[in-house]
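Below is one structure; the comments refer to it alone.
Residue numbers (our numbering): 496 to 758.
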């Protein structure tokens with residue numbers, strides 16, 4: 496029976512979508528982009544076992560998945576990226592810039608191209624090696640709450656990458672008082688919606704404010720922006736203090752999971 500279903504998955508047209516009716520209450524509606532047929536089918540089945548998941552529409556081609564992302568019900572795009580998907584002119588970067596949550600499913604630490612992965616603004620990262628429904632459900636729930644999660648194994652390499660970028664752009668960014676206030680909230684792990692409430696502006700206004708901060712800091716995502724802010728003392732966060740170019744920010748708490756959350 497399982498062989499027959501796998502064969503059907505392989506035989507399906509590359510851009511055909513499938514919709515799985517899962518639990519609708521507070522559910523996360525997912526667009527899945529995976530070129531490998533068997534891996535795509537396996538992720539569909541795994542999402543079907545996740546309570547936090549809602550509908551799942553799956554595509555073999557990223558371009559078709561991006562078209563589907565325009566559906567207002569979409570909460571996030573889960574993608575197993577090919578090298579070309581992380582190129583600077585890839586449609587994936589446009590999706591991230593529109594504010595759609597992106598989850599990159601990576602094979603393992605050895606095969607991660609940090610420069611390319613870090614260029615996808617605001618993306619959460621997850622390893623496919625050993626992935627199960629519980630871990631995937633935890634990630635979906637965190638992302639729905641506005642968190643950006645990164646495996647702990649990649650935290651230091653990403654901070655070192657941020658340090659190299661700081662040496663290339665040594666001039667301190669000119670942030671307005673409002674931007675410094677928002678940057679402090681980014682460091683604290685607040686989502687755009689939470690930042691908007693704290694600053695008494697709309698979520699759209701908060702998103703635009705954070706985008707301006709990322710541009711001024713020359714950082715592709717919130718993780719690297721928070722790292723630079725803490726390292727160079729760019730905000731009023733109590734942990735912010737000038738540091739060496741490769742030193743990580745001071746830890747304010749011990750992570751409760753293998754992920755650094757809230758960035």
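Built from N, CA and C at the ideal position, the CB exists for glycine as well.
Return the Cβ separation of residue i and residue j in integer angstroms, given the expectation that the two are a contact with Cβ distance under 8 Å.
| i | j | result |
| --- | --- | --- |
| residue 586 | residue 569 | Actually they are not in contact, since the Cβ atoms of residue 586 and residue 569 sit about 15 Å apart, beyond 8 Å. |
| residue 553 | residue 590 | Not a contact, Cβ separation roughly 16 Å. |
| residue 572 | residue 559 | Contact doesn't hold; Cβ gap of about 12 Å is too wide. |
| residue 723 | residue 730 | About 10 Å separates the two Cβ atoms, so there is no contact after all. |
Indicate whether residue i and residue j have their beta-carbon atoms separated by less than 8 Å.
| i | j | result |
| --- | --- | --- |
| residue 649 | residue 619 | no |
| residue 522 | residue 543 | no |
| residue 527 | residue 551 | yes |
| residue 653 | residue 645 | yes |
| residue 643 | residue 677 | no |
| residue 581 | residue 612 | yes |
| residue 535 | residue 555 | yes |
Taking the alpha carbon of residue i as the reference point, which residue from the options has its own alpha carbon closest?
| i | options | result |
| --- | --- | --- |
| residue 684 | 635, 641 and 579 | 641 |
| residue 717 | 682, 729 and 601 | 682 |
| residue 701 | 687, 532 and 525 | 687 |
| residue 600 | 631, 671 and 614 | 631 |
| residue 524 | 564, 727, 704 and 583 | 564 |
| residue 634 | 581, 674 and 545 | 545 |
| residue 623 | 647, 602 and 540 | 602 |
| residue 578 | 610, 567, 562 and 680 | 610 |
| residue 547 | 637, 614, 728 and 616 | 637 |
| residue 680 | 668, 647, 720 and 584 | 720 |
| residue 629 | 538, 727, 725 and 726 | 538 |
| residue 531 | 728, 576 and 725 | 576 |
| residue 574 | 567, 588 and 604 | 588 |
| residue 725 | 675, 647, 605 and 557 | 675 |
| residue 667 | 647, 614 and 728 | 728 |
| residue 583 | 625, 703 and 616 | 616 |
| residue 639 | 604, 703, 625 and 689 | 689 |
| residue 651 | 699, 703, 604 and 567 | 604 |
| residue 647 | 671, 672, 621 and 699 | 621 |
Should residue i be counted as a contact of the ligand MG given a C-beta to heavy atom distance under 7 Å?
| i | result |
| --- | --- |
| residue 689 | The ligand MG is not part of the structure shown, which contains no ligands of any sort. |
Counting contacts by CB-CB distance shorter than 8 Å, is residue i in contact with chain D?
| i | result |
| --- | --- |
| residue 529 | Chain labels in this structure do not include chain D; a single protein chain is all it has. |
Three-pair Cβ contact test at 8 Å for the stretch 689-700 versus the stretch 709-716: Too few Cβ pairs lie closer than 8 Å, so no.
Alpha helix (DSSP H) runs contained entirely in the stretch 547-618, provided each spans 4 or more residues: Fully enclosed alpha helix (DSSP H) runs of 4 or longer: 557-564, 586-592 and 609-613.
Completely contained beta strand (DSSP E) runs for the stretch 521-549, where each covers 3 or more residues: The stretch 521-549 contains these whole beta strand (DSSP E) runs: 523-528.
Alpha helix (DSSP H) runs contained entirely in the stretch 664-735, provided each spans 4 or more residues: Listed in chain order, the complete alpha helix (DSSP H) runs (minimum 4 residues) inside the stretch 664-735 are 672-682, 687-694, 698-712 and 717-727.
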